[in-house]
Amino acid sequence: MSMQNNGLIRPHRPKIIALIRLSDIAIIGLSLQLLLNYYGLDFLLFQVWWLLIAIMSFEFFAELNLLYNAPRGVNLIIETQRTGGAWIGVVLAFFLIIQFKPALISKGYEQLYWVWLISVPALLILWHLAIRLLINYCRALGRNTRQVAIIGATDLGFELENIFKKDSWLGFSFIGYFDDRMKNDIGRLQHKGIDLAGNTEKLIQMIHEQKVDIVYITLPLKAEKRIKQILDALSDTTAAVYYVPDLFVFDLLRARMDNMSGIPIISIHDTPFYGVDGFTKRMFDIIVASFILILISIPLLLIALGVKITSPGPVIFKQHRYGFRGEKISVWKFRSMTACDDGLHIQQATKNDQRTTKFGSFLRRTSLDELPQFINVLQGRMSIIGPRPHAVAHNEYYRGQIKGYMLRHKVKPGITGLAQIKGFRGETDTLDKMDGRIQCDLEYIRNWSLMLDIKIFVLTIFKGFSSKQAY
Numbered sequence: 359m360s361m362q363n364n365g366l367i368r369p370h371r372p373k374i375i376a377l378i379r380l381s382d383i384a385i386i387g388l389s390l391q392l393l394l395n396y397y398g399l400d401f402l403l404f405q406v407w408w409l410l411i412a413i414m415s416f417e418f419f420a421e422l423n424l425l426y427n428a429p430r431g432v433n434l435i436i437e438t439q440r441t442g443g444a445w446i447g448v449v450l451a452f453f454l455i456i457q458f459k460p461a462l463i464s465k466g467y468e469q470l471y472w473v474w475l476i477s478v479p480a481l482l483i484l485w486h487l488a489i490r491l492l493i494n495y496c497r498a499l500g501r502n503t504r505q506v507a508i509i510g511a512t513d514l515g516f517e518l519e520n521i522f523k524k525d526s527w528l529g530f531s532f533i534g535y536f537d538d539r540m541k542n543d544i545g546r547l548q549h550k551g552i553d554l555a556g557n558t559e560k561l562i563q564m565i566h567e568q569k570v571d572i573v574y575i576t577l578p579l580k581a582e583k584r585i586k587q588i589l590d591a592l593s594d595t596t597a598a599v600y601y602v603p604d605l606f607v608f609d610l611l612r613a614r615m616d617n618m619s620g621i622p623i624i625s626i627h628d629t630p631f632y633g634v635d636g637f638t639k640r641m642f643d644i645i646v647a648s649f650i651l652i653l654i655s656i657p658l659l660l661i662a663l664g665v666k667i668t669s670p671g672p673v674i675f676k677q678h679r680y681g682f683r684g685e686k687i688s689v690w691k692f693r694s695m696t697a698c699d700d701g702l703h704i705q706q707a708t709k710n711d712q713r714t715t716k717f718g719s720f721l722r723r724t725s726l727d728e729l730p731q732f733i734n735v736l737q738g739r740m741s742i743i744g745p746r747p748h749a750v751a752h753n754e755y756y757r758g759q760i761k762g763y764m765l766r767h768k769v770k771p772g773i774t775g776l777a778q779i780k781g782f783r784g785e786t787d788t789l790d791k792m793d794g795r796i797q798c799d800l801e802y803i804r805n806w807s808l809m810l811d812i813k814i815f816v817l818t819i820f821k822g823f824s825s826k827q828a829y
């Protein structure tokens, strides 16, 4: 069966991407005009600046987020995050510019401004969803599909096959496995219910007949010589060729491809906050921390007064913790105990701890003792969302007890985190409890997105401040 006529969309992909870009710009502009009509307001010169800032910022952040360069394997959730992330970049740009040029929001246009900033990302996401539904419909009709083959009937290959068959929206049609193994290996595979479509020679013949578009090589890294021979043979074809290294044998943390002066490298353990993601994370921290500190300024003074009059000692308790990359930082809390331990020998707080003051017990139970850490966020030592900072003494103990413990320091410590909303708060009196907390921290780092930060922040407001485990 020839594949020449099944690419209804594929040959026109650059044109379609250009049209999507233009349609996104049109949505940004038309939504503003419709809102102006709805509110009965005139289109003034400063709104031209609104549009220029919005369009230029959106295109910039969309490019950094690879919004218009999404491969076929990117799902709707990731595309939605990229679209929303690009628009959050627009909001941050407006926030910064308006600090220096408040005249950009004229009197009477404030409500319009906020409604526009909130409604546009929803419209863009719905528009991109509609485009996806249209493309998926074309694929259901057998259009815009790609015929794929796998070289190497390995466990990794089986996982790929399952993805091709389960996620039909990807538009992949699986041809089969191609392998050059000995007859006894082929018999073992057939015993598992896996029928090989042929050997590499057969695959190359099918590519020449335009029956295969993409080839995935899933042979193990130790088969380097064989992989090179296959690549040499496939270099005489027009098929797209991908090598799928079995990196899952490693404990990956934000793995990504990079290059060093042309030399390809793979990061195994890395921070998620590089490039635009680091900028976005920092701006989120600054905006949220500034807003919250303004809201809680009076409660901060009242709590400080309560600490001072209920027990002798300093109002703020400063303790050394490990921060980003394992650097020592000073973390601030309202003092809740009569003792101010620090260093390599610290007794963890326990239930009915005699060192805890009555007022301090209330502060710890409601997490109000941690409010000064919003100042740590503005200082750049901490983040709103991230793994909770542990005392230096606890770090030194648990790093030798729990595998991957120090990987949590690939990000800044946070005021709240995934572990806290999952119930891992308070005393870690068993190794299993601490291990559960660490696994949540690593899960957060692996899956970080701005939307995840927002989700954790919202859930913390509703259920994360007060806990029976906090004492």
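Numbering of the sequence shown is given in our numbering, commencing with residue 359 and proceeding in unit increments.
The beta carbon of each residue, even a glycine, is placed where N, CA and C say it ideally should be.
Check the Cα spacing between S741 and each of G681, F453, V570 and G620: the tightest is with G681.
A direct Cα-to-Cα measurement between F732 and R746 gives close to 13 Å. With respect to the C-alpha of N395, the residue from P670, W474, H566 and K780 having the closest C-alpha is W474. Pairwise C-beta distances place the stretch 444 to 457 out of contact with the stretch 646 to 659, as fewer than three of them are shorter than 8 Å.
Distances from the alpha-carbon of F419 to those of G671, I435 and R440 put R440 closest. For Y756, the enclosing alpha helix (DSSP H) starts and ends at V750 to Y756. Beyond the five residues adjoining it in sequence on each side, I446 comes within less than 7 Å, by CB distance, of T638 and L808 in the same chain, given in chain order. With fewer than 16 other CB atoms across the displayed protein chains lying within 10 angstroms of its CB, R804 is exposed.
A direct Cα-Cα distance of roughly 6 Å separates I624 from R614. Of the residues assessed, L377 falls on the exposed side of the cut-off, its CB having fewer than 16 other CB atoms within 10 angstroms. Annotated as proximal: A507 and L561, with beta-carbon spacing under 7 Å. Within the same chain, I572 come within 6 Å of A598 by CB-CB distance, once the 5 residues on both sides are set aside. Distance check between L721 and each of P460, L736, Y397 and R693 places R693 closest, using alpha-carbon atoms only.
About 16 Å separates the beta carbon of L492 from that of D382, a gap too long to meet the 8 Å contact definition. Taking 3 residues as the shortest admissible run, the stretch 597 to 634 contains the following complete beta strand (DSSP E) segments, listed from N- to C-terminal end: 598 to 601, 614 to 618 and 621 to 625. Contact between the stretch 397 to 417 and the stretch 460 to 478 is present: 3 or more CB-CB pairs across the two stretches fall below 8 Å.
Between D537 and L554, the C-beta gap is smaller than 7 Å, which places the two residues in contact. Shown here, W806 sits in coil according to DSSP, grouped into three states, outside any helix or strand.
For V665, same chain residues with a beta-carbon under 6 Å away, outside a window of 5 residues either side, are V673, F692 and R693 in chain order. Taking every protein chain shown into account, the CB of R683 has fewer than 16 other CB atoms within 10 angstroms, so this residue is exposed. Ranking D594, Y601 and D590 by CA distance to the CA of I575 puts Y601 first. DSSP lists I508 and Y600 as the beta-bridge partner residues of Y574. Here I760 carries a coil assignment [DSSP, helix/strand/coil]. Separation of H678 and V750 (C-alpha to C-alpha, rounded to the nearest whole angstrom) is 7 Å. Annotated three-state conformation of L663 is helix, per DSSP.
Per the Cβ contact rule, the stretch 811 to 821 is in contact with the stretch 773 to 784 (3 or more Cβ pairs under 8 Å). According to the DSSP assignment, A420 belongs to no beta strand (DSSP E) but to the alpha helix (DSSP H) extending over L403 to L422.
For Q563, the enclosing alpha helix (DSSP H) has its first and last residue at T558 to H566.
Residue environment: E567 is assigned as exposed (fewer than 16 neighbouring CB atoms within 10 Å of its CB, all protein chains considered).
For I779, the uninterrupted alpha helix (DSSP H) segment begins and ends at L776 to I779. With respect to the 7 Å criterion, T503 and G529 are classified as neighbours on the basis of their beta carbons. Classified as exposed, M414 has fewer than 16 neighbouring CB atoms from the shown chains inside 10 Å of its CB.
For S725, no beta strand (DSSP E) run applies, since DSSP gives it neither H nor E.
Assignment of T438 by DSSP, reduced to helix, strand and coil, places it in the helix class. Here V689 is bridged, per DSSP, to Q677.
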